[in-house]
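First residue of the sequence shown: 1, per UniProt numbering; consecutive thereafter.
From the three backbone atoms N, C-alpha and C, an ideal C-beta is built for every residue, glycine too.
Right, one structure below, let's go through it.
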Amino acid sequence: EAAKLAPENIKTGVSITANGKTVNGTFTADGTVAANQMLAGAVGYAKGRKVTGSIPSRGATSFRPGTASQTIAAGQYLSGAQTIEGDANLLAANIRQGVSIFGVAGGYDPGACQAATQAHFYGRMDDTVEVNAPSGVCKVAAVMAGNQYYATARITLWGWNGAGWVEIAKSEDYTGTEGKDTNAQLVGAYSGYSRYRLNVFCDGDQRTIGLGCLQGY
Numbered sequence: 001e002a003a004k005l006a007p008e009n010i011k012t013g014v015s016i017t018a019n020g021k022t023v024n025g026t027f028t029a030d031g032t033v034a035a036n037q038m039l040a041g042a043v044g045y046a047k048g049r050k051v052t053g054s055i056p057s058r059g060a061t062s063f064r065p066g067t068a069s070q071t072i073a074a075g076q077y078l079s080g081a082q083t084i085e086g087d088a089n090l091l092a093a094n095i096r097q098g099v100s101i102f103g104v105a106g107g108y109d110p111g112a113c114q115a116a117t118q119a120h121f122y123g124r125m126d127d128t129v130e131v132n133a134p135s136g137v138c139k140v141a142a143v144m145a146g147n148q149y150y151a152t153a154r155i156t157l158w159g160w161n162g163a164g165w166v167e168i169a170k171s172e173d174y175t176g177t178e179g180k181d182t183n184a185q186l187v188g189a190y191s192g193y194s195r196y197r198l199n200v201f202c203d204g205d206q207r208t209i210g211l212g213c214l215q216g217y
């Protein structure tokens, strides 16, 4: 029976001395601790049984939002701060209308963007203007305004696709009235190009013509 004289077989708070050796009891009848209720590496006793903890610890972590949800799994002890990163650019003004990102409803209307008009005047029969499209411009209009111009005009608009110039619109046979202004417009939703080139060719008279190359709307 001496082999049974062990701490786990003796009620906690009770000491038994036998053969000059004192054994302090550790047996508890009311303990309920389980391994998944203690940190990994921690040791406890319940109902006379030794219990080693199994809860893992998670140190400080930062999470960057993406297109998928990120979950902090259950059953962990968070020993460090868990930080969800923010971004100062998460503003309604930076998000397209009709789109909501993390609860922020977009207020950006690409149709309202404005591209600065580049204009110049020339007295030749054939001239070209080239302009870089500002970021965010989704629509452009090519405009030619004549000053007392009455000859026939042809307007051609090209867009740069990264490899070369592509003709995207052409209008011909604009005829003005002598002594009056002529306004010839080549208007459309021309998008997807980083640069635009507008050429005006005048058949006949060499009057001064104002060239409005890009106009966002």
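Return the chain-ordered ranges of every alpha helix (DSSP H) run that is complete within the segment 45 to 89 and spans a minimum of 4 residues. none
Next item on the list: For my contact list, Ala46 and Thr28 are in at a C-beta cut-off of 8 Å; report their separation, rounded to the angstrom.
Entry: 6 Å
Q) Would Thr32 pass as a contact of Phe63 if the rule is Cβ separation under 9 Å? A) Result no, Cβ atoms of Thr32 and Phe63 do not sit closer than 9 Å.
Any idea what DSSP makes of Asn19, helix, strand or coil? Correct three-state label for Asn19: coil.
Looking at Gly59 and residue 225, is the spacing between their C-beta atoms short of 9 Å? Shown here, the chain extends from 1 to 217; a query on residue 225 therefore has no answer.
- Task: Classify Tyr149 as buried or exposed, calling it buried when 16 or more other Cβ atoms lie within 10 Å of its own Cβ.
- Result: Reliability of the predicted coordinates at Tyr149 is poor, the pLDDT of 47 falling under 50, and no value is obtained from them.
Check whether the Cβ atoms of Glu172 and Leu157 lie closer than 9 Å to each other.
Going by beta carbons, Glu172 and Leu157 fall outside the 9 Å limit.
**Asn19 versus Ile10: straight-line alpha-carbon distance, rounded** = 16 Å
key: Cβ-Cβ separation, Gly106 to Asp95 (assumed contact under 8 Å), whole Å   = It should be pointed out that residue 95 corresponds to Ile in this sequence rather than to Asp. That belief holds up - the Cβ atoms of Ile95 and Gly106 are roughly 3 Å apart, short of 8 Å.
message: Can you look up Asn199 in the DSSP assignment and give me helix, strand or coil?
response: strand
| Near Thr22, what residues of its chain come up, given a Cβ to Cβ distance below 6 Å and the 5 sequence neighbours on each side ignored? | Ser15, listed in sequence order.
Have a look at the DSSP bridge pairing and note the partners of Val166.
DSSP links Val166 through a beta bridge to Gly159.
Next item on the list: Please classify residue 267: is it buried, with 16 or more other beta-carbons within 10 angstroms of its beta-carbon, or exposed?
Entry: Outside the shown range of the chain, which is 1 to 217, sits residue 267, and nothing can be said about it.
Practice task
Note down the Cα distance separating Thr67 from Ala88, rounded to an integer number of angstroms.
Solution key: 18 Å
Quick check on Ala42: does DSSP put it in helix, strand or coil? Looking at Ala42 - three-state DSSP - the assignment turns out to be coil, as it is neither helix nor strand.
Do you know whose CA, among Ala42, Gly164, Ser194 and Phe201, lies nearest Arg154's CA? Phe201
Checklist entry - Are there 16 or more other CB atoms within 10 angstroms of the CB of Asn24, so buried, or fewer, so exposed? => result Under this definition Asn24 is an exposed residue.
Exercise for review: Measure how close the beta-carbons of Trp165 and Ser194 come, nearest whole angstrom, since I'm counting them as under 8 Å.
Suggested key: Distance from Trp165 to Ser194 at the Cβ level is roughly 12 Å; contact not present, criterion being Cβ atoms closer than 8 Å.
Alpha-carbon to alpha-carbon, Ala81 and Ala34
26 Å
Exercise. Just the C-alpha distance for Ala92 and Gly98, rounded to the nearest angstrom, thanks.
Key: 11 Å
| Spatially closest choice to Gly75 from Ala169, Asn199, Ser57 and Gly192, by CA coordinates | With distances taken between Cα atoms, Gly75 lies closest to Ser57.
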